[in-house]
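Take a look at the structure set out below.
In the UniProt record's numbering, the protein residues as written are 1 to 135.
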């Protein structure tokens, strides 16, 4: 099977230079992540990504080392990140809504990846997971 024939491939929409999402916001249950909907740009990506990789109060910059610079972000995959860790009611199932307006002249497919916090303890010698907690 050719790559473009796969239902899991995003071709021909894999990269879309110049695309943008306006009035972007994420809603978890009845709470919005951002106070106001806004035009998501590279600085918003950097700010939200820095929250995800905050180690030692965001003093340790290992995960925000500049692998995705402005040029790569604007001409290839325009990743939109929203940190929802500060929202309450983590143990209650919530609906997730990703809102925005496609401001480009062509259609776009969105792949939404929802990551949530889990804790696990594993034995480094055997690789066996000894304890798992879903938060």
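From the three backbone atoms N, C-alpha and C, an ideal C-beta is built for every residue, glycine too. Only a predicted model underlies this, so the values are computations on that prediction, with no experimental measurement involved.
Limits of the alpha helix (DSSP H) - the one that residue 43 falls within = The sequence position of residue 43 within the chain shown is 43, counting from 1. Here the alpha helix (DSSP H) through residue 43 covers 42-52.
message = Please state the DSSP three-state secondary structure of residue 133.
response = The residue you call residue 133 lines up with position 133 of the chain shown. The DSSP-derived three-state label of residue 133 is strand.
query = Is the stretch 26-42 close to the stretch 82-91, with three or more CB pairs under 8 Å?
reply = yes
ask   = To the nearest whole angstrom, what separates the beta carbons of residue 119 and residue 133, a pair I think is in contact under 8 Å?
value = Here residue 119 refers to the residue found at position 119 of the chain shown. Here residue 133 refers to the residue found at position 133 of the chain shown. The Cβ separation is near 4 Å, so the contact holds.
ask   = residue 22 and residue 107 look like a contact to me (Cβ under 8 Å); what is the Cβ gap, rounded to whole Å?
value = On the chain shown, position 22 is the one that residue 22 refers to. On the chain shown, position 107 is the one that residue 107 refers to. So it is not a contact: roughly 15 Å between Cβ atoms.
ask   = Is it buried or exposed for residue 70, if we count other Cβ within 10 angstroms and need 16 for buried?
value = By 1-based counting over the chain shown, the position of residue 70 is 70. Its Cβ having fewer than 16 others within 10 Å, residue 70 is exposed.
ask   = With 16 other CB atoms within 10 Å as the buried threshold, where does residue 114 fall?
value = For this step, residue 114 is matched to residue 114 along the chain shown. Residue 114 should be labelled exposed.
message = Quick check: what's the CA-CA separation for residue 83 versus residue 124?
response = Within the chain shown, the letter at position 83 stands for residue 83. Within the chain shown, the letter at position 124 stands for residue 124. Approximately 30 Å, taken between the alpha carbons.
inquiry  = Using 8 Å as the threshold, is the C-beta distance between residue 37 and residue 78 below it?
reply    = For the purposes of this step, residue 37 is taken as residue 37 along the chain shown, with counting starting at 1. For the purposes of this step, residue 78 is taken as residue 78 along the chain shown, with counting starting at 1. With respect to the 8 Å criterion, residue 37 and residue 78 are not classified as neighbours on the basis of their beta carbons.
query = Expressed to the nearest angstrom, what Euclidean distance is found between the alpha-carbon atoms of residue 39 and residue 67?
reply = Counting from 1 along the chain shown, the entry for residue 39 is found at position 39. Counting from 1 along the chain shown, the entry for residue 67 is found at position 67. C-alpha separation (whole angstroms): 23 Å.
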